[in-house]
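Trainee:
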Amino acid sequence: MSTASIAATAAGTHAAEGKHPRGLYVLFFTEMWERFSFYTVGGMWVLYVQNAEQGFGWSQDQATSVWSTYLMFVYASPILGGLIADWKLGYRRAVMLGGLFFMAGHALLAFRSIPIMYAALACLVIGNGFFKPNVSTMVGNLYPEGSHLKDRAYNIFYMGINVGAFLAPLVAEFMVQNFGYHPAFFMGALGMVISVGVLWFFRRDVQSTDHKRVKASGDAAAVAVDAPPASVSHQHPMDLVPDWKRVMALIVIFLIVIVFWMVFHQNQITLTYWANDNTDWNVTGIISNAINPAWVILLTFPLVWFWKRLDERGLEPSTPTKMAIGMCLTGAAFFVMYFAGKAGGDVGKVSPWWLISAYGVLTLGELMLSPMGLSLVSKVAPVRLRGLMMGGWFGATAIGNKLTAIGVLWDDMPHSQFFALLGGMALFMAVVLFLLLKPLKKAMPGA
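Numbering (the working numbering), first residue to last: 733 to 1179.
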């Protein structure tokens, strides 16, 4: 028996015994350090390029425009990276290759040069394309099809994402304050050395993950967003719904997702500007990027418990209803910031509790919307169109991230009005979704 076969048998045995295989914890730390590296850049890039001494003295509009384009490519790249891994490389080699591109990108950002900076961002896009979808696929492949442990595994894996995302701004803030931006960027490269090192050193524990995906299973393992996909079983009532109705229902969801990501990912742009210039604390806006993952860590398990209790009573809302509530909360978070802007006269500084509270509401919205999306696509999309519709999800996510460029209006209107604009768009899409719940439920029974 080959080493890979032994590893696959061992993983299956652990799952059958109700225990998570060691490979899950290998992938947990691999992803945790990758997210640490990724969010090291995300937390401070827009402030770095505006810094005249260490960066390039760009305007906020320049920073916002370039960063929104970067986010678009970042969230679209896993479509191609996942296909290449499926067709040629295999998942583990794709993740290793992505890690090397990540290392190069972070190391290049340690040099002050605009051409080198663009080369660094290109490396990060390529690295993300190879790394993100395939490390998530590896988690799913540790378990036999139908394993009840798979959903729990993704919950554990998701915590690794957010631990890394939480630590990154803290380390970045410390490095920038004491050593400057370029050494802080290099910390991202060190994080990727640890990430790839963990995967290489413990490679035997994940050898079983390179088997091919079973297309008939409908498992939505490849993800481009920081959310855990759920294992999905066939829904017999769904099979009775015509394909065109199911596709149209998903298109509605995609439109919601576009607006959600446009609004949500202001966290790395205008919310960072607000934290830097309008929040009364003795740190920079970099630190604000730790607030969202901290809330995710605090709220995930209480929310899971809450849905479980409702499910036991037969009261758990459908997935589209949860997503509508999530959009309402997203809008409400930005209206909290509207009042923060009013409290500070739009240009003054206010208590950090405004920002912390808004992020708490925003994170609840995220947890009701983002983790649901890929699971919903896998449940609802016709089998023959599943790959296309999953690509549609990724495409909608990428478009939403490009539209974060709405942040160029930050300097053109009072900050309170800008936040009200974002909140109003989110609430409008929530109303649209609530109005369409009845036909959506018919098009996706059991979802």
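All residues carry an ideal CB built from backbone N, CA and C; glycine is no exception.
These numbers come from a predicted model, not from an experiment.
1) Just tell me which of 887, 1116, 1081 has its CA closest to the CA of residue 1147.
2) Just the Cα atoms here: how many angstroms apart are residue 904 and residue 1121?
3) Can you tell me the Cβ-Cβ gap for residue 1010 and residue 929, rounded? I've got them flagged as a contact below 8 angstroms.
4) Please report the residue range of the alpha helix (DSSP H) in which residue 1136 lies.
5) Check whether the Cβ atoms of residue 978 and residue 1113 lie closer than 8 angstroms to each other.
6) Compute the beta-carbon to beta-carbon distance between residue 863 and residue 827, rounded to the nearest angstrom, for a pair I have assumed lies under 8 angstroms.
7) Determine, using beta carbons only, whether residue 1108 and residue 1051 come nearer to each other than 8 angstroms.
8) To the nearest whole angstrom, what separates the beta carbons of residue 882 and residue 892, a pair I think is in contact under 8 angstroms?
9) Distance check for residue 1105 and residue 1172, CA to CA, integer angstroms please.
10) Mapping DSSP to helix, strand and coil, what is residue 949?
11) Helix, strand or coil for residue 1036? Go by DSSP, reduced to three states.
12) Since residue 981 contacts residue 1176 with CB under 8 angstroms, what's their CB separation in whole angstroms?
13) Using DSSP with H/G/I as helix, E/B as strand and the rest coil, what is residue 1082?
14) Do residue 989 and residue 1085 have their C-beta atoms within less than 8 angstroms of each other?
15) Taking C-alpha atoms, which residue in 806, 794, 1152 lies nearest to residue 773?
16) Over what stretch of residues does the alpha helix (DSSP H) that includes residue 836 continue unbroken?
17) Using the Cα positions of residue 933 and residue 854, report the straight-line distance between them to the nearest angstrom.
18) Tell me whether residue 1016 sits in a helix, a strand or coil according to DSSP, three-state version.
19) For residue 1028, which of 907, 973, 898, 1046 has the nearest alpha-carbon?
20) Here's the rule I'm using: 16 or more other beta-carbon atoms within 10 Å means buried, otherwise exposed. How should residue 1030 be labelled?
21) Along the alpha helix (DSSP H) that carries residue 1147, what are the first and last residues, could you check?
22) Applying the 10 Å Cβ sphere with the 16-neighbour rule, what's the burial state of residue 921?
23) Specify, as a first and last residue, the run of the alpha helix (DSSP H) that residue 1053 falls within.
24) Going by CA-CA distance only, name the one from 1166, 1041, 1136, 1074 that's closest to residue 1191.
25) Grab me the residues of residue 997's own chain with a C-beta within less than 8 angstroms of its C-beta, minus the 5 sequence neighbours each way, in chain order.
26) Threshold first: 4 residues or longer. Then list the alpha helix (DSSP H) segments lying entirely within the region 975-1005, N to C.
27) Looking at C-alpha atoms only, which residue of 789, 1055, 1117 is the closest neighbour of residue 845?
28) Could you check how far apart the C-beta atoms of residue 1095 and residue 1024 are, in whole angstroms? I think they sit under 8 angstroms.
29) For residue 1142 and residue 991, I'd like the C-alpha separation in whole angstroms.
30) Report the option in 1128, 875, 912, 894 whose CA atom is closest to the CA atom of residue 984.
31) Only counting the same chain, and skipping five residues up and downstream in sequence, which positions put a Cβ closer than 7 angstroms to that of residue 867?
32) Here's a check: name, in chain order, each residue in its chain whose Cβ is nearer than 8 angstroms to the Cβ of residue 799, leaving out the five neighbours to either side.
33) Can you tell me which of 993, 782, 766, 825 puts its alpha carbon nearest to the alpha carbon of residue 1157?
34) Out of curiosity, what's the CA-to-CA distance linking residue 1091 and residue 830?
35) State the DSSP-derived secondary structure class of residue 1171, mapped to helix, strand or coil.
Mentor: Let me spell this out:
1) The sequence position of residue 1147 within the sequence shown is 415, counting from 1. Considering only alpha carbons, the answer is 1081.
2) Translated into positions along the sequence shown, residue 904 becomes position 172. Translated into positions along the sequence shown, residue 1121 becomes position 389. Between the C-alpha atoms of residue 904 and residue 1121 there is a straight-line separation of about 37 angstroms.
3) As a working note, residue 1010 is residue 278 in the sequence shown. As a working note, residue 929 is residue 197 in the sequence shown. Contact annotation, residue 1010 with residue 929: C-beta distance approximately 40 angstroms; criterion of less than 8 angstroms not satisfied.
4) As a first step, residue 1136 is located in the sequence shown; it is residue number 404 there, counting from the start. Where residue 1136 is concerned, there is no enclosing alpha helix (DSSP H), given that its DSSP letter is neither H nor E.
5) To locate residue 978, count along the sequence shown from 1; it is residue 246. To locate residue 1113, count along the sequence shown from 1; it is residue 381. Taking the C-beta atoms as reference points, residue 1113 is found nearer than 8 angstroms to residue 978.
6) Translated into the one-based positions of the sequence shown, residue 863 becomes position 131. Translated into the one-based positions of the sequence shown, residue 827 becomes position 95. Right, their Cβ atoms sit about 5 angstroms apart.
7) Position 376 of the sequence shown, counted from the start, is the residue given in the question as residue 1108. Position 319 of the sequence shown, counted from the start, is the residue given in the question as residue 1051. With contacts defined as CB atoms closer than 8 angstroms, residue 1108 and residue 1051 qualify as a contacting pair.
8) By one-based count along the sequence shown, residue 882 stands at place 150. By one-based count along the sequence shown, residue 892 stands at place 160. Contact doesn't hold; Cβ gap of about 16 angstroms is too wide.
9) Counting from 1 along the sequence shown, the entry for residue 1172 is found at position 440. Counting from 1 along the sequence shown, the entry for residue 1105 is found at position 373. Taking the straight line joining both Cα atoms gives about 14 angstroms.
10) Locating residue 949 in the sequence shown gives position 217, counting from the first residue. Its pLDDT being 41, under 50, residue 949 is placed unreliably by the model, and nothing is read from it.
11) The residue you call residue 1036 lines up with position 304 of the sequence shown. Three-state result, residue 1036: helix.
12) Counted from its first residue, the sequence shown places residue 981 at position 249. Counted from its first residue, the sequence shown places residue 1176 at position 444. In this structure residue 981 is in contact with residue 1176, their Cβ atoms being roughly 5 angstroms apart against a cut-off of 8 angstroms.
13) In the sequence shown, counting from the first residue as 1, residue 1082 sits at position 350. It is a strand residue.
14) Residue 989 sits at position 257 when you count from the first residue of the sequence shown. Residue 1085 sits at position 353 when you count from the first residue of the sequence shown. No, the pair does not count as a contact, with Cβ atoms beyond the cut-off.
15) Indexing the sequence shown from 1 puts residue 773 at position 41. Residue 773 has its Cα closest to that of 806, out of 806, 794, 1152.
16) Residue numbering aside, residue 836 sits at position 104 when the sequence shown is read from its first letter. Membership of residue 836 in the alpha helix (DSSP H) is indicated by the continuous run 823-840.
17) In the sequence shown, counting from the first residue as 1, residue 933 sits at position 201. In the sequence shown, counting from the first residue as 1, residue 854 sits at position 122. Going from the Cα of residue 933 to the Cα of residue 854 covers about 28 angstroms.
18) Numbered from 1 along the sequence shown, position 284 holds the residue referred to as residue 1016. In the structure shown, residue 1016 sits in coil (DSSP, three-state: anything other than H, G, I, E or B).
19) In the sequence shown, the residue the question calls residue 1028 occupies position 296. Checking every option, the nearest Cα to that of residue 1028 belongs to 898.
20) Working through the sequence shown from its first residue, we reach residue 1030 at position 298. Sixteen is the threshold: since fewer than 16 other Cβ atoms of the shown chains lie within 10 Å of the Cβ of residue 1030, the residue is exposed.
21) Locating residue 1147 in the sequence shown gives position 415, where the first residue counts as 1. That run of the alpha helix (DSSP H) goes 1147-1167.
22) By one-based count along the sequence shown, residue 921 stands at place 189. Classification for residue 921: buried.
23) Indexing the sequence shown from 1 puts residue 1053 at position 321. Here the alpha helix (DSSP H) through residue 1053 covers 1051-1075.
24) Residue 1191 falls outside the range modelled here, since the chain spans only 733 to 1179, and no answer is possible.
25) The count along the sequence shown starts at 1 and reaches residue 997 at position 265. Closer than 8 angstroms at Cβ, skipping near neighbours: 803, 1132, 1133, 1136.
26) Taking only runs of at least 4 residues, the alpha helix (DSSP H) segments lying wholly in the region 975-1005 are 975-996.
27) Taking the first residue of the sequence shown as position 1, residue 845 is located at position 113. From the listed residues 789, 1055, 1117, the smallest Cα separation to residue 845 is found for 789.
28) To locate residue 1095, count along the sequence shown from 1; it is residue 363. To locate residue 1024, count along the sequence shown from 1; it is residue 292. Between residue 1095 and residue 1024, the beta carbon gap of about 6 angstroms places them in contact (Cβ cut-off 8 angstroms).
29) Translated into the one-based positions of the sequence shown, residue 1142 becomes position 410. Translated into the one-based positions of the sequence shown, residue 991 becomes position 259. Straight-line Cα distance between these residues: approximately 18 angstroms.
30) Your numbering for residue 984 matches position 252 in the sequence shown. Residue 984 has its Cα closest to that of 1128, out of 1128, 875, 912, 894.
31) By one-based count along the sequence shown, residue 867 stands at place 135. Result list for residue 867: 759, 762, 763, 827, in chain order.
32) The residue given as residue 799 occupies position 67 in the sequence shown. Sequence-distant Cβ neighbours of residue 799 in its own chain, meaning closer than 8 angstroms and more than five residues away, are 777, 778, 1000, 1001, 1136.
33) Counting from one through the sequence shown, the residue named residue 1157 turns up at place 425. Ranking the options by Cα distance to residue 1157, first place goes to 993.
34) Counting from one through the sequence shown, the residue named residue 1091 turns up at place 359. Counting from one through the sequence shown, the residue named residue 830 turns up at place 98. One C-alpha to the other measures close to 31 angstroms.
35) Counted from its first residue, the sequence shown places residue 1171 at position 439. Of the three classes helix, strand and coil, the one that applies to residue 1171 here is helix, per DSSP.
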